[in-house]
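No gaps in the numbering here: position 3 of the sequence shown is 3 in my numbering, and each next residue is one more.
We put the beta carbon where it would ideally sit given N, CA and C, even for glycine.
This one's a predicted model, so the numbers in the text were calculated from it and none came from an experiment.
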Amino acid sequence: MTIEAAEELFLRALQEVIGQVNRGELGETNEATIQHHLALCLHLLARQEDLPFSIIMERRIQRADGGVFPKKGRNNAEIDVFFTVGEDETRCAVELKLFKRINHREPNNRYDSYADLANLEIYLEEHCDVGFFVLLTDHPHYYDPEFGDHRPGTADFSLREGHIYQAQRELTYRTEMPYGPPLTLRHDYTFQWKNEGNDWRFLILKVSP
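Next up, the structure:
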């Protein structure tokens with residue numbers, strides 16, 4: 001299976017989950033709820049098409065060269081959703097986050113999102129063929145450029161509609177309580193949110209060669 005075909009399968013499964021969220025079919029949810037429903041939809045779609053398929057939640061991996069992953073500065077990490085599909089076992093890694101307004105972790109969540117992207121870029125080199133970062137939120141702080149300016153110390157880590165990150169630009173996170181080191185991503189990213197008009201908006205970023 002080509003990377004493009006694996007991506008199509010992933011996007012179909014994600015759209016099904018987003019539809020379930022929009023229709024209120026999942027009830028009270030958290031991040032794990034969404035991750036597991038995505039895994040179920042992927043599994044069902046693969047079975048419908050009679051595709052070889054396997055999936056692992058929170059797959060534990062290690063750096064191949066003894067280095068560390070950017071997010072936690074360790075040589076191991078856990079991929080939220082990892083699946084292989086097709087006769088050639090195309091490997092796909094998904095980091096899926098759910099940020100609720102009620103939880104009040106706005107600046108640190110933005111840093112963590114970029115750290116997930118940095119991790120995904122390394123997964124791509126060592127553990128997968130394509131990666132996806134998915135973020136669902138009910139808080140306009142993350143997606144709406146008109147919601148008020150970010151504080152100068154955290155403004156590098158914008159996720160808002162229309163924001164463009166250019167590869168190799170160092171991002172610095174400066175808060176009263178130190179949280180994480182500077183981050184540099186290897187690829188360009190453009191932030192385009194979807195699901196306008198619904199309570200939950202979502203962002204998809206593809207990480208590929």
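Bounding residues of the beta strand (DSSP E) (the contiguous stretch that carries residue i)
i, result
"Glu58", "53-62"
"Glu87", "Element bounds for Glu87: n/a, residue is neither H nor E."
"Phe211", "The question about residue 211 has no answer, for the chain in this structure spans 1 to 209."
"Leu135", "130-137"
"Arg201", "201-207"
Segment limits, alpha helix (DSSP H) that includes residue i
i, result
"Gly19", "3-22"
"Thr33", "31-48"
"Ile122", "106-126"
"His141", "140-143"
Option nearest residue i by Cα separation, candidates the options
i, options, result
"His37", "Glu4, Val81, Ala6", "Val81"
"Ile18", "Ile3, Cys41, Gln166", "Cys41"
"Pro152", "Asn119, Pro107, Ile164, Phe133", "Pro107"
"Gln48", "Asp116, Gln192, Leu9, Met1", "Leu9"
"Glu196", "His139, Arg59, Gln166", "His139"
Inter-residue CB distance, residue i and residue j (contact presumed, cutoff 8 Å)
i, j, result
"Gly86", "Pro52", "6 Å"
"Asp188", "Ala167", "5 Å"
Problem - Contact the segment 82-94 vs the segment 122-142: 3+ CB pairs below 8 Å - result: yes
Exercise for the section: Flag this pair as touching only if the segment 176-186 and the segment 132-145 have three or more C-beta atom pairs under 8 Å; answer yes or no. Expected result: no
Exercise for the section: Check whether the segment 98-115 touches the segment 166-181, taking contact to mean three or more Cβ pairs, one atom from each stretch, closer than 8 Å. Expected result: yes
Practice task
For the segment 14-31 and the segment 54-70, state whether three or more C-beta atom pairs, one from each stretch, are separated by less than 8 Å.
Solution key: no
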